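First up is the structure itself, then whatever we jot down about it.
Numbering (the numbering used here), first residue to last: 152 to 280.
Spelled out as structure tokens, the structure:
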């Protein structure tokens, strides 16, 4: 382990050994030497920018979807409340109708009883005369 040089140290030593050679070169020689590496760096930079744009687009799309889902959740909550209100109203209406039906039957029985009493009274009056 004593004789081994770490990878970052090896890289740094390689870079430091390359730099002095670049300083003595002409501009054309330097661009020719760095050209492929610069092209790789540029391509990597372009891919990174493209990925960042895709990320921004995806984030914007996600935010739009989240907004849509929020409004749909609110709409569903309002619909559920309306449905519950309608259920309460239907239950109340059902009770009122049952009550009205019972009163109608009671009124029919009372009317039939009064009619029977009047008829009996007429029969009695006609019979005694």
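The beta-carbon is built from N, C-alpha and C at its ideal position, and this holds for glycine as well.
None of these values were measured; they are calculated from a predicted model.
Chain B contact for residue i (CB, 9 Å cutoff)
i: residue 243; result: The displayed structure is made up of one protein chain only, and chain B is not part of it.
Distance, residue j Cα to residue i Cα
i: residue 270; j: residue 258; result: 18 Å
i: residue 215; j: residue 234; result: 28 Å
i: residue 188; j: residue 202; result: 21 Å
i: residue 267; j: residue 273; result: 10 Å
i: residue 253; j: residue 219; result: 51 Å
i: residue 217; j: residue 211; result: 10 Å
i: residue 236; j: residue 245; result: 14 Å
i: residue 223; j: residue 230; result: 10 Å
i: residue 264; j: residue 255; result: 14 Å
Same chain, Cβ closer than 6 Å to residue i, neighbours up to 5 away in sequence not counted
i: residue 251; result: none
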